[in-house]
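Student: Heads up, the sequence shown is in the UniProt record's numbering, so the first residue is 1 and it goes up one at a time. From the three backbone atoms N, C-alpha and C, an ideal C-beta is built for every residue, glycine too. Before we start, here is the structure in question, set down as structure tokens.
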Amino acid sequence: MATPVEAIWQAFTEQSGVKGDRFKTRWFGPQDQPAEIDRLNNLILKGQKRATTKPLAYYSAEQEAIPQAGDYFVLLDGQMKPVAVIKTVVSELIPFLRVSAEHAYNEGEGDRSLEDWRERSLHKFERLMANYDNQFSTDDPVVTELFEVVYRR
Numbered sequence: 001m002a003t004p005v006e007a008i009w010q011a012f013t014e015q016s017g018v019k020g021d022r023f024k025t026r027w028f029g030p031q032d033q034p035a036e037i038d039r040l041n042n043l044i045l046k047g048q049k050r051a052t053t054k055p056l057a058y059y060s061a062e063q064e065a066i067p068q069a070g071d072y073f074v075l076l077d078g079q080m081k082p083v084a085v086i087k088t089v090v091s092e093l094i095p096f097l098r099v100s101a102e103h104a105y106n107e108g109e110g111d112r113s114l115e116d117w118r119e120r121s122l123h124k125f126e127r128l129m130a131n132y133d134n135q136f137s138t139d140d141p142v143v144t145e146l147f148e149v150v151y152r153r
């Protein structure tokens, strides 16, 4: 019997014709804050949030692979249940201060301006990297990612 995650993946592959049984699960926001995960998922499912960014050092600290164009993820809600499948469209490694206004807009939060994105992201990245005894600065590289929803439950 398939798990809910396996079931949504199977439904997606049958509908899309995508071959393969390899996928990862993913959520946006801290796992211990289900309401925040659900808030971000609502933005994603509305089409408002189509991008995300994390410090490169985060991926090293977590020993997590950097998302690559063409990667598929089963998107989980705040209860860690599947709600959709997303696909990474673009993944770039760039300095924090080189993130574009277009990318900031596609992140879909705040007032969607580059200035607002920089302020919120700098604060968020400083807190995030402090968990790994690492400091984040505006000179540090970040991984920017553009994704699309390719299947909904």
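Is it buried or exposed for residue 22, if we count other Cβ within 10 angstroms and need 16 for buried?
Tutor: exposed
Student: Please name the residue in 108, 5 and 133 whose C-alpha comes closest to that of residue 25.
Tutor: 5
Student: Below 8 angstroms on the Cβ atoms is my guess for residue 55 versus residue 128; work out the distance and round it to an integer in Å.
Tutor: 7 angstroms
Student: Using the Cβ count rule (16 or more neighbours within 10 Å means buried), how would you classify residue 152?
Tutor: The residue is exposed, with fewer than 16 neighbouring Cβ atoms inside 10 Å.
Student: Using the beta-carbon count (16 or more within 10 Å), is residue 123 buried or exposed?
Tutor: exposed
Student: Looking only at its own chain, which residues have a Cβ that is under 6 angstroms from the Cβ of residue 27, when we skip the five neighbours before and after it?
Tutor: 37 and 76
Student: How many Å lie between residue 91 and residue 143 at the Cα?
Tutor: 7 angstroms
Student: Can you give me the C-alpha to C-alpha distance between residue 95 and residue 2, rounded to a whole angstrom?
Tutor: Their Cα atoms are separated by approximately 42 angstroms.
Student: In terms of residues, what are the limits of the alpha helix (DSSP H) holding residue 151?
Tutor: Run containing residue 151: none in the alpha helix (DSSP H); it sits in the beta strand (DSSP E), 141 to 152.
Student: Go ahead and pull the three-state DSSP assignment for residue 28.
Tutor: Looking at residue 28 - three-state DSSP - the assignment turns out to be coil, as it is neither helix nor strand.
Student: Give me whichever residues DSSP pairs with residue 75 in a beta bridge.
Tutor: 26 and 84
Student: With DSSP run on the structure shown, which of helix, strand or coil describes residue 67?
Tutor: DSSP places residue 67 in coil when its eight states are reduced to three.
Student: Could you round the C-beta distance between residue 45 and residue 108 to whole angstroms and report it? I think they count as a contact, below 8 angstroms.
Tutor: Not confirmed; about 11 angstroms, so no contact.
Student: At which residue ranges does the segment 86 to 135 contain complete alpha helix (DSSP H) runs of 4 or more residues, listed in the order of the chain?
Tutor: 101 to 106 and 114 to 130
Student: If you draw a straight line from the C-alpha of residue 32 to the C-alpha of residue 136, how long is it?
Tutor: 22 angstroms
Student: Using DSSP bridges, identify the partner residues of residue 51.
Tutor: 146
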